[in-house]
Amino acid sequence: MWFYEKKLQYPVRVSKCDVRMAKFLIEQYGGSDGELAAALRYLNQRYTVPDKVIGVLNDIGTEELAHLEMIATMVYKLTKDATPEELEKHGLGEHYANHDKALFYNNAAGVPFSVTYIAAKGDPIADLYEDIAAEEKARATYQWLINMTDDPDLKDSLSFLREREIVHSQRFREAVEILKEERDHKKIF
Ligand SMILES: [Fe+2]
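Per this note's numbering, the very first residue in the sequence shown carries number 112; after that it's consecutive.
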C-alpha cells in the first residue's frame, strides 16, 4: 500500500521556458534508464528476492516514482508557455501533433517506452547487479543532462536526482553483500 504525499521529494524550479531541454529530459521519463523503468524494475523484482533485501527494492522503487514525478514537473514547466512553433523548432513537433503538451512515456528520440528495458531474472544476485548497472546508467544520464543546460535551477534539481542514483547504487551494492554473506554462511553448515 502507498500513501501519497502531495509535494515533490525535492523542489523543481526552472529559470525559463526551454523546449530544447524538455526534449532531452524526456529520456529520464520514458527512456531505457529512466525513472519509469527503474520504478517498474525494482517494484517487480521485490517478489522473488530474499526477505532481507525486499525493503531495499520497495524503498528505492517507491522513490523512483517520486523522481518520475519530478521529471514530469520539469518537462511541464519547461514547455507550458511554449508555442506550437517553438515546440516544432526544438524537435517536439511530432509530440505536439499527437499529444499536445501531455506527457508520454517516450525517450528523448520519441521512441515509446518498452518493458524490454527492464529485466527480472529471478536470481537475486543477477537482478541486483542489473539494478546497480541501472543506477549507474541513470547517474550518467543525469550528468549528461546537467552538462547540457546553463539553467541554475534546473541544474540544482538534476543534481539532487544524480546524487540519489549514487545512494541507490550504494544500497544495492550493500544488498549484494548481504546476500553473498548469507550464501557463504549457509555453505559452512
Ligand atoms: Fe535510482
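Just so you know, even glycine gets a beta-carbon here, dropped at the ideal spot from N, CA and C.
Closest by C-alpha distance to residue i, when choosing among the options
i, options, result
"L265", "E116, V130, K117 and G202", "V130"
"R275", "H296, R250 and N258", "R250"
"I243", "G233, A230, R284 and L269", "R284"
"I301", "D192, H201, K118 and V125", "Residue 301 cannot be examined here, being either before or after the span of the chain that is shown, 112 to 300."
"G142", "K117, V222, A133 and H206", "V222"
"G145", "T159, Y253 and N169", "Y253"
"I165", "P263, R152 and W255", "R152"
"I277", "I171, Y228, G202 and D261", "I171"
"A177", "E292, R294, E288 and K117", "K117"
"R294", "P161, L154, R157 and G233", "P161"
"S225", "L239, C128 and Y216", "Y216"
"Y228", "E196, I236 and A245", "A245"
"Y240", "R282, G204 and P195", "R282"
"Y121", "I289, D267 and L290", "D267"
"K101", "P263, M259, I236 and H201", "With the chain running from 112 to 300 in the structure shown, residue 101 is simply not present."
Terminal residues of the alpha helix (DSSP H) in which residue i lies
i, result
"A148", "E146 to Q156"
"F135", "V130 to L136"
"A177", "D162 to T190"
"H210", "G204 to H210"
"L198", "P195 to K200"
"P235", "P235 to N258"
Neighbour-count burial assignment, residue i, 16 or more Cβ in a 10 Å radius
i, result
"Q139", "buried"
"M112", "exposed"
"Y115", "exposed"
"H296", "exposed"
"K188", "buried"
"H206", "buried"
"H210", "exposed"
"M100", "The requested residue 100 is not part of the displayed model; the chain covers only 112 to 300."
"D261", "exposed"
"D234", "exposed"
"A148", "buried"
"D238", "buried"
"A286", "buried"
"E292", "exposed"
Nearest-angstrom beta carbon gap, residue j and residue i [assumed within contact, 8 Å]
i, j, result
"F135", "A219", "5 Å"
"S270", "E247", "16 Å between Cβ atoms; not a contact."
"A133", "V167", "Not really, about 32 Å apart at Cβ, beyond 8 Å."
"T184", "L119", "6 Å"
"T190", "L179", "With 8 Å as the limit, T190 and L179 do not qualify as a contact, their Cβ atoms being about 17 Å apart."
"A208", "Q156", "So it is not a contact: roughly 37 Å between Cβ atoms."
"E175", "A150", "4 Å"
beta-carbon residue i near ligand 2 non-hydrogen atom, thresh 7 Å
i, result
"R131", "Absence of ligand 2 is noted for the structure shown, with ligand 1 being the only ligands found."
8 Å Cβ cutoff, residue i in contact with chain B
i, result
"A148", "As a matter of chain content, chain B is missing from the structure shown, which is built from one protein chain."
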